[in-house]
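Q: Residue numbering for the sequence shown follows this note's numbering, beginning at 1 and increasing consecutively. Structure below; questions to follow.
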Amino acid sequence: MKIYQKSLLIIISLSLFSYELISQEVNDDFLDGLPDEVLKEVIGGDEEEYKEDIFVSDNSKINKTSIELERLIRETKSLEYKLNNLADDGPKLKRFGDDIFKTVQTTFMPINEPNVDPSYIVDVGDGIRLQVIGSLNIDKKIRVSRDGSINIPEIGKVFIAGLELNEVNKMIKKIISDSFIGNSAFITLDEIRNIKVYILGNVPSPGLYTLNGNSNLMHALSVAGGISENGSYRDIELKRSGKSIGSSDLYSILIYGDTLSNYVLRSGDVILVKPIKKSVSISGAVSRPAIYEMKADEVIDDLLSFAGDITGDFVDQSIILSKSKQNISKNIYLDKLSGLELDHNDSILVPFFKPEVSSIKTALVSGAVNFPGEYNISDSETLVSLINKAGGYKKDAYPFAGALIRQDALDKGKDFENREYGNLIKFLIAGSAGAESKAGMMTADSTTELLEEIRNYRSSNAGRYSIEFDLDRIDRDPSSNSKIKDGDSLYIPEFTNEVYLFGELNDPGTRRYIPGADVKDYINMAGGLAQNAYQDGVIVINPDGTTTLVDYSRFLNLTGNSKIDIYPHSVIYVPREIAKLDELTKSSYIAQIVSTASLPVLTLISIIDRD
1 MKIYQKSLLI IISLSLFSYE LISQEVNDDF LDGLPDEVLK EVIGGDEEEY KEDIFVSDNS
61 KINKTSIELE RLIRETKSLE YKLNNLADDG PKLKRFGDDI FKTVQTTFMP INEPNVDPSY
121 IVDVGDGIRL QVIGSLNIDK KIRVSRDGSI NIPEIGKVFI AGLELNEVNK MIKKIISDSF
181 IGNSAFITLD EIRNIKVYIL GNVPSPGLYT LNGNSNLMHA LSVAGGISEN GSYRDIELKR
241 SGKSIGSSDL YSILIYGDTL SNYVLRSGDV ILVKPIKKSV SISGAVSRPA IYEMKADEVI
301 DDLLSFAGDI TGDFVDQSII LSKSKQNISK NIYLDKLSGL ELDHNDSILV PFFKPEVSSI
361 KTALVSGAVN FPGEYNISDS ETLVSLINKA GGYKKDAYPF AGALIRQDAL DKGKDFENRE
421 YGNLIKFLIA GSAGAESKAG MMTADSTTEL LEEIRNYRSS NAGRYSIEFD LDRIDRDPSS
481 NSKIKDGDSL YIPEFTNEVY LFGELNDPGT RRYIPGADVK DYINMAGGLA QNAYQDGVIV
541 INPDGTTTLV DYSRFLNLTG NSKIDIYPHS VIYVPREIAK LDELTKSSYI AQIVSTASLP
601 VLTLISIIDR D
């Protein structure tokens with residue numbers, strides 16, 4: 001029953017009608033009888049069409065000229081955009097150094113454990129562990145007091161603030177050994193103090209920060225969010241006690257690994273990030289394409305050094321220099337580069353060869369083949385070559401019912417389905433509003449039932465292409481060997497001696513295939529037509545997807561043939577009589593089915609659940 005309902009709705013949704021409506025007033029009683037959701041679709045569909053008509057209206061020369069002018073403007077803007085981005089082969093350049101501060105900030109913060117360098121400066125608040133082995137036998141943690149001293153038992157105050165840790169170690173060892181013969185002292189840093197540092201200037205979050213005493217310049221900048229867009233990586237001043245003690249150039253750290261300018265901080269220090277003055281971009285055949293900051297006395301040689309020099313992808317003997325001030329670009333040969341001065345916002349392109357990386361194309365083969373699966377395909381892949389990759393057909397394969405599913409057919413089918421759904425709504429409204437007798441009128445209840453079923457169960461169009469799957473026939477006629485595209489899906493069913501009957505039949509379902517039996521025979525096997533069967537539009541779908549419309553009341557094909565071939569896997573579908581329409585409307589209805597007879601070609605896999 002589930003398959004039956006699914007089949008009914010699929011065929012109805014794909015046999016919708018397209019025709020021009022005569023302008024007429026919609027029956028208010030008819031609309032009032034519809035549910036809110038269906039009413040919204042009825043009215044909404046008309047509004048969308050009205051808007052579309054306004055957009056494409058060409059009823060006057062003025063409108064035509066206006067539309068053409070808008071089109072030319074859009075095309076001009078599109079061409080301008082493409083020209084501006086012609087040389088853009090990848091992502092936009094970033095400023096060198098920005099990524100280093102995008103890591104989690106705790107990555108840069110030292111853990112508050114006393115595993116420090118011997119050059120660590122001991123200061124107020126640090127905890128020193130003193131161990132004396134000998135007659136004194138001391139093991140004690142001593143904190144550096146506010147006056148910069150520690151109090152050693154039996155010795156007294158010893159001032160150590162401002163000294164390096166290795167100097168403190170030597171001094172205390174000497175004091176102990178000189179004062180108590182035979183005793184040896186060992187000094188370790190047991191706890192690191194906190195320090196307060198001002199981070200000011202061009203940083204995202206300037207202010208006063210509390211850090212631990214082992215922090216350096218990079219730690220502090222990380223806590224403040226790094227360097228702001230207008231800040232300098234190469235002019236960072238460190239002040240202590242109101243005096244400048246040095247300027248840090250982070251390029252020396254980030255590019256050359258020189259940590260001498262990564263100053264260790266002390267409480268009260270001020271870090272001032274100056275504004276950037278000159279930046280130049282370099283891209284193409286260099287190791288580190290980016291936007292680099294340059295000092296006043298630096299030239300292109302320095303820029304190439306920052307960028308890691310020219311790589312092996314370089315394909316020319318010159319570079320392209322774009323001067324921002326003059327708004328010009330020029331080629332400069334390599335032997336003329338040395339000492340070349342650059343201005344703010346200049347850019348350099350080092351031409352390079354970038355091999356085109358083509359995406360991997362695949363196609364899926366399933367069903368009655370020896371090795372089903374997804375296969376890589378070439379641009380010249382055909383059905384025969386793909387089937388051979390899959391090991392050929394199995395003995396029980398039924399190539400006549402093979403299906404090729406393609407994405408563009410899926411997309412087009414969905415668009416058509418949505419459009420025809422709207423056409424059906426208008427058809428029903430017109431039939432209701434224009435009816436003058438009960439015989440030619442659909443009720444609101446029947447319309448509601450039909451629209452809600454179609455709206456809730458509109459099919460996902462199978463996207464099927466009808467092609468030749470018989471390898472022997474293809475061998476005799478190579479032109480029928482279809483080309484396979486990326487994303488295609490091939491399904492080869494197993495042969496079963498069955499015919500499928502759905503729709504308005506007294507006993508729908510599967511019947512055994514009988515050679516020579518015709519449509520009438522199979523309908524009789526299904527108990528005959530049900531009361532609501534639409535005899536003028538019985539649909540026969542062959543295994544290869546081709547479709548035939550049968551006027552069962554006369555048992556004549558509308559194309560004039562008197563014999564309809566039925567094959568194993570054929571589908572016979574009897575639709576429901578939608579409404580008792582007048583003869584003129586019924587004739588239009590039948591004509592529209594014939595005009596869309598190619599649509600059911602795409603529905604076979606949706607109708608039959610082959611899994």
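Note that CB positions come from ideal geometry on N, CA and C, so glycine has one too. As the structure is a computational prediction, the values presented were derived from the model and not from experiment.
Tell me where the alpha helix (DSSP H) around Arg476 begins and ends.
A: Segment 471 to 476, the alpha helix (DSSP H) holding Arg476.
Q: Taking 7 Å as the limit between beta carbons, can you name the residues of its chain near Ala220, skipping five residues before and five after?
A: Closer than 7 Å at Cβ, skipping near neighbours: Val197, Ile199, Tyr209, Leu211, Leu265, Ile271.
Q: What are the complete alpha helix (DSSP H) segments, minimum 4 residues, inside the region 206 to 258?
A: Complete alpha helix (DSSP H) runs here, min 4: 217 to 223, 250 to 254.
Q: Is the distance from the Cβ of Val280 to the Cβ of Ile319 below 7 Å?
A: For Val280 and Ile319, no; Cβs fall outside 7 Å.
Q: Roughly how many whole angstroms lie between the Cα atoms of Ile564 and Ile360?
A: Taking the straight line joining both Cα atoms gives about 44 Å.
Q: For the beta strand (DSSP E) holding Leu321, just list the boundary residues, first then last.
A: Residues 318 to 323.
Q: Which complete beta strand (DSSP E) runs does the region 95 to 175 hold, if anything under 3 residues is left out?
A: DSSP runs (the beta strand (DSSP E)) wholly in the region 95 to 175: 127 to 133, 138 to 143, 149 to 152, 156 to 159.
Q: Closest to Tyr534 by C-alpha separation, out of Asp551, Thr546, Asp518, Asp544, would be which residue?
A: Of the listed residues, the one whose Cα sits closest to Tyr534 is Asp551.
Q: Tell me, please, which residues DSSP counts as bridged to Gly487.
A: For Gly487, which the question treats as bridged, DSSP gives no partner whatsoever.
Q: Might you give, ordered along the chain, the residues of its own chain that have their beta carbon closer than 8 Å to the beta carbon of Pro399, omitting 5 neighbours on each side?
A: Cβ neighbours of Pro399 beyond the five flanking positions: Tyr393, Phe469, Asp470, Leu471, Ile492.
Q: With distances taken between CB atoms, is the gap from Ile138 to Val132 smaller than 7 Å?
A: For Ile138 and Val132, yes; Cβs fall inside 7 Å.
Q: What's the gap between the Cα of Glu298 and the Cα of Tyr251?
A: Distance between the alpha carbons of Glu298 and Tyr251 is about 13 Å.
Q: How long is the line joining the alpha carbons of Lys174 and Ile142, rounded to whole angstroms?
A: Cα to Cα, Lys174 sits roughly 18 Å from Ile142.
Q: Looking at the structure shown, is Ile387 part of a helix, part of a strand, or coil, going by DSSP?
A: Helix, per DSSP.
Q: For a test of the three-state rule: what should DSSP assign to Lys274, helix, strand or coil?
A: Of the three classes helix, strand and coil, the one that applies to Lys274 here is strand, per DSSP.
Q: Buried or exposed: Gly367, going by 16 or more other Cβ atoms within 10 Å of its Cβ?
A: The residue in question, Gly367, is buried, as its Cβ has 16 or more Cβ neighbours within 10 Å.
Q: Roughly how far, in whole angstroms, is the beta-carbon of Gly391 from the beta-carbon of Phe371, given that I think they are within contact range, below 8 Å?
A: Confirmed, about 4 Å.
Q: Helix or strand or just coil, what does DSSP make of Ser479?
A: In the structure shown, Ser479 sits in a helix (DSSP, three-state: H, G or I).
Q: Buried or exposed for Ser232, please, with buried defined as at least 16 other CB atoms from any protein chain shown within 10 angstroms of its CB.
A: Per the 10 Å Cβ criterion, buried.
Q: The alpha helix (DSSP H) that contains Ile523, what's its start and end?
A: Element bounds for Ile523: 519 to 525.
Q: Secondary structure at Asp190, three-state DSSP: helix, strand or coil?
A: Of the three classes helix, strand and coil, the one that applies to Asp190 here is strand, per DSSP.
Q: Out of Lys278, Ile227, Ser244, Leu383, which one is the CA nearest neighbour of Lys102?
A: The shortest C-alpha separation from Lys102 is found at Ile227.
Q: Excluding the 5 residues flanking Phe629 on each side, which residues of the same chain have their C-beta closer than 6 Å to its C-beta?
A: As shown, the chain starts at 1 and ends at 611. That puts residue 629 outside it, with no answer to give.
Q: Which residues in the same chain have their Cβ closer than 7 Å to the Cβ of Asp235, if we skip the five residues on either side of it in sequence?
A: These residues qualify, in order along the chain: Ser247, Lys274.
Q: Start and end of the beta strand (DSSP E) containing Phe631?
A: A question about residue 631 goes unanswered here, because the residues of the chain that appear run from 1 up to 611.
Q: Relative to the alpha-carbon of Met218, which residue among Gly257, Asn183, Val571 has its alpha-carbon at the smallest distance?
A: Taking only the C-alpha atoms, the option nearest Met218 is Gly257.
Q: Which value, in whole angstroms, describes the spacing of the CA atoms of Gly487 and Thr362?
A: So the alpha carbons of these two residues sit roughly 6 Å apart.
Q: Along the beta strand (DSSP E) that carries Ile300, what are the first and last residues, could you check?
A: Ile300 -> not in any beta strand (DSSP E); alpha helix (DSSP H) instead, spanning 300 to 306.
Q: Can you give the Cα-Cα distance for Tyr323 and Ile300, rounded to whole angstroms?
A: Reading off the sequence, residue 323 comes out as Lys, not Tyr. Lys323 and Ile300: Cα-Cα distance of roughly 13 Å.
Q: Based on Cα-Cα distance, which residue from Ser482, Phe96, Gly527 lies nearest to Ser287?
A: That would be Phe96, whose Cα lies nearest to the Cα of Ser287.
Q: Measure the C-alpha to C-alpha separation of Lys483 and Gly545 and round it to an integer number of angstroms.
A: Their backbone Cα atoms lie some 18 Å apart in a straight line.
Q: Go ahead and label Asp224 buried or exposed: buried means 16 or more other beta carbons lie within 10 angstroms of its beta carbon, across all protein chains shown.
A: Checking the displayed sequence, the identity of residue 224 turns out to be Ala instead of Asp. Per the 10 Å Cβ criterion, buried.
Q: Taking buried to mean at least 16 other C-beta atoms within 10 Å of its own C-beta, is Arg458 buried or exposed?
A: For Arg458, the predicted model reports a pLDDT of 46, less than 50, meaning its position is unreliable; a value from the coordinates is still stated below. Arg458 is buried by the Cβ-count criterion.
Q: Go ahead and pull the three-state DSSP assignment for Lys196.
A: In the structure shown, Lys196 sits in a strand (DSSP, three-state: E or B).
Q: Assuming Gly213 contacts Asp343 (C-beta within less than 8 Å), just tell me the rounded distance between them.
A: In fact, because the Cβ distance is near 44 Å, the residues do not count as touching under 8 Å.
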